[in-house]
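J.: First, the structure itself, so that you have it in front of you.
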Amino acid sequence: MSQSPFFDHILRHHFASIEQPVARLPWAAVEVLLVDDGHRRVALGRRMARACSHPQTSVGYSVAQVVLVEDHLLVTGDGLLYLARLRDAGDAAESAAADQESYYVATPARMFDLFVDYSRAMTRQVDCAVTIDCRLDHELDYSWPIDTGLRRELGAHEVMVAR
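Mind the numbering: the sequence shown is residues 5 to 167 in my numbering, read in order.
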């Protein structure tokens, strides 16, 4: 799926019970399936990921530049998951952790505890910082009637990954 062991572990372990293969779709195809405002939901996820990854100082957030390395939108029958891998773009001479990656997972509230528990176990295996966020709950939950095309795709593939 990605260059990220964290994202790959999420797919392998959290969605291990899925019998069908995971469908990998380009962003444009997912935006067609999420006919209402899929693009806005992804943009919100990207903004939240960058905001959560800024190291906090005593006077607020630092001005460190954060680079979005990769992001994915997982479309599941339980809602959307937004995953982002970020890196601090600071000078390596300034900080030993300048190249350290961090991960951001936006999830519906009902999946929050599951991903918190999972990330605790995962960060012991992969040296990284992980933020699990449920503040976009209403944006990631299917509170609207699911479009016929999306329902058909979810029938064929329980999880679809947009990249």
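The beta-carbon is built from N, C-alpha and C at its ideal position, and this holds for glycine as well.
Who are the near neighbours of alanine 133 in its chain, counting only those whose CB is closer than 6 Å to its CB and skipping five residues on each side?
T.: Here residue 133 refers to the residue found at position 129 when the sequence shown is read from its first residue. Excluding sequence neighbours, alanine 133 sits near Ser106.
J.: Please state the DSSP three-state secondary structure of arginine 114.
T.: As a working mapping, residue 114 is identified with position 110 in the sequence shown. Helix.
J.: State the beta-bridge partners of valine 165 as determined by DSSP.
T.: Taking the first residue of the sequence shown as position 1, residue 165 is located at position 161. The partner list for valine 165 (beta bridge, DSSP) reads Arg28 and Leu78.
J.: Here's the rule: buried if 16 or more other CB atoms are within 10 angstroms of the residue's CB, otherwise exposed. What is valine 71?
T.: By one-based count along the sequence shown, residue 71 stands at place 67. When all chains shown are included, valine 71 counts as exposed.
J.: With which residues is aspartate 92 paired in a DSSP beta bridge?
T.: Counted from its first residue, the sequence shown places residue 92 at position 88. For aspartate 92, which the question treats as bridged, DSSP gives the partners Val70.
J.: So, for threonine 135: in the same chain, excluding its five sequence neighbours on each side, which residues have a beta-carbon less than 6 Å away from its beta-carbon?
T.: Along the sequence shown, read from residue 1 onward, the residue named residue 135 stands at position 131. If we look at threonine 135 and ignore the five residues flanking it on each side, its Cβ neighbours are Cys56 and Tyr108.
J.: Out of curiosity, what's the CA-to-CA distance linking threonine 80 and valine 165?
T.: Locating residue 80 in the sequence shown gives position 76, where the first residue counts as 1. Locating residue 165 in the sequence shown gives position 161, where the first residue counts as 1. Distance between the alpha carbons of threonine 80 and valine 165: 9 Å.
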